[in-house]
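Q: Under our numbering, the letters of the sequence shown match residues 16 to 293, in that order.
Note that CB positions come from ideal geometry on N, CA and C, so glycine has one too.
To start, I am sharing the structure in question, which I have written as structure tokens.
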Amino acid sequence: MKVTEDLAELRSLRAAMNGVFGLVPTMGALHAGHASLVSRARAECRHVGASIFVNPSQFGPGEDFNNYPRTLEQDLALLESLGADLVWIPSPEMIYPPNFQSWITVEGVARPLEGASRPGHFRGVATIVVKLLNCFQPERAYFGQKDAQQLVVLRRMVQDLNFPVQVVACPTVREPDGLAISSRNVYLGPAEREAAPVLYRALSAAKEKYDTGERNAEVLRDTMRTIIRAEPLASEEYVSAADPETLNELQQIDGKVLLSLAVRIGRARLIDNILIEG
Ligand code: PAF
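As structure tokens, then:
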């Protein structure tokens, strides 16, 4: 596995790799969710690349940029064990040189949900992902379904800007009690960790209503709200039952629906979702 911080070296290593190249962009602090992306890329591509960069521009003021877990040695060991070929660890100065002023803004689908709660977040995500696509030139790029809106935003961007890359969504990896695995789960104290599966319980209860025939989206949102509000350590930021492509809130469900929510538990802000394919 080749590891570099240098862009010129990255480009020349990449240029020597013929055949389908799969990229797994990450912010490090790698866990079983990331491992599933790398394994999928390994199974589907001739070469697998990963980036490790805690992207400051996707964190808002007062968010956890400074505290975001950084575990570089472990991350590299995991990537090596999973068979990655090429890892880029750019410096912040390389990604955002002085006088940087070219940002990517996706409009409609980036506005609700995470976009409303975290203004500027998707501008930061879209900009770094464009830079990574430009530098790695992958045929395929792998992202977790856990960040459902990120996937919708990136698919829109790739299509709108004619990037010749296939965006691949990989299923959310969960702890045995249902908690979606996330780098931010380290912020949970013991009691908060016990409370955290409430997100998946709420989503599962709404899905069960859907499975038994409920098609009123407000009933599904209410089901999620009631379960979150019954957990004293949890405070709801939003619950949503939206069209999975436009992310507009639904009233009546005719086909697919994306159930999603954001909840604060202690100092952790957790998100999760279930996509119902209809
Ligand atoms: O999903 C993430 O970890 C990040 O948003 C990404 C795609 C690596 C961009 O920084």
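Have a look at the DSSP bridge pairing and note the partners of Ile286.
A: DSSP lists Ala277 as the beta-bridge partner residues of Ile286.
Q: Could you tell me the alpha carbon to alpha carbon distance between Ala125 and Asp258, rounded to whole angstroms?
A: One alpha carbon belongs to Ala125, the other to Asp258, and they sit about 14 Å apart.
Q: So for Glu196, helix, strand or coil by DSSP?
A: The amino acid occupying residue 196 in the given sequence is Ile; Glu does not appear at that position. DSSP, read as helix, strand or coil, puts Ile196 in coil.
Q: In terms of alpha-carbon separation, which member of Ile242, Ala50, Gly64 and Ala30 lies closest to Val18?
A: Gly64
Q: Opposite Val63 in the DSSP bridges: which residues?
A: Paired residue(s): Gly37.
Q: Skipping 5 residues on each side, what residues in its chain have a beta carbon closer than 7 Å to that of Gln165?
A: Val140 and Phe158
Q: Go ahead and pull the three-state DSSP assignment for Lys17.
A: strand
Q: At a threshold of 8 Å, does Lys140 count as lining the ligand PAF (C-beta to nearest heavy atom)?
A: A small fix is needed here, since residue 140 is Val in this sequence, not Lys. Yes - the ligand PAF has a heavy atom lying nearer than 8 Å to the Cβ of Val140.
Q: Taking only the alpha-carbon atoms, compute the straight-line gap between Ile280 and Phe36 and give it to the nearest angstrom.
A: 39 Å
Q: Is there contact here, the segment 183-200 with the segment 214-226, by at least three beta-carbon pairs under 8 Å?
A: yes
Q: CB Leu169 to CB Ala277, shorter than 9 Å?
A: For Leu169 and Ala277, no; Cβs fall outside 9 Å.
Q: Does DSSP classify Ala245 as helix, strand or coil?
A: coil
Q: Taking only three categories from DSSP, how would you classify Tyr225?
A: helix
Q: Using the Cα positions of Val102 and Leu91, report the straight-line distance between them to the nearest angstrom.
A: 8 Å
Q: Check whether the segment 36-46 and the segment 141-157 touch, using three or more Cβ-Cβ pairs below 8 Å as the test.
A: yes
Q: For Phe115 and Met109, I'd like the C-alpha separation in whole angstroms.
A: 10 Å
Q: Restricting to runs no shorter than 3 residues, where is the beta strand (DSSP E) found entirely within the segment 113-170?
A: The qualifying runs are 155-159.
Q: Hey, out of Ile243, Met32, Gly293 and Ala31, whose CA is closest to Glu286's CA?
A: Strictly speaking, residue 286 in this sequence is Ile, with Glu absent from that position. Residue Ile243 is the option with its Cα nearest to Ile286.
Q: For a quick check, are the C-beta atoms of Gln267 and Arg230 less than 9 Å apart?
A: yes
Q: Which partner residues of Arg189 appear in the DSSP bridge assignment?
A: Ala195
Q: Kindly indicate which residue of Met239, Val234 and Pro105 has the alpha-carbon position closest to the one of Asp21.
A: Pro105
Q: Beta-carbon within less than 7 Å of His136's beta-carbon, same chain only, minus the 5 sequence neighbours each way: which residues are those?
A: Gln73, Gly75, Glu129 and Gly130
Q: Suppose the cutoff is 6 Å on Cβ atoms and the five residues either side in sequence are ignored; what does the same chain contact list for Thr187 look like?
A: Gln160, Lys161 and Ala195
Q: Ala211 by DSSP, collapsed to three states: which one?
A: coil
Q: Could you check if Thr238 is buried or exposed, using at least 16 other CB atoms within 10 Å of its CB as the buried criterion?
A: buried
Q: Report, in whole angstroms, the separation of the C-beta atoms of Ala163 and Leu290, which I expect to be a contact under 8 Å.
A: 7 Å
Q: With a Cβ-Cβ cutoff of 9 Å, do Ser198 and Pro107 count as a contact?
A: no
Q: Classify Val182 as helix, strand or coil using the three-state DSSP reduction.
A: Judged by DSSP in its simplified three-state form, Val182 adopts strand.
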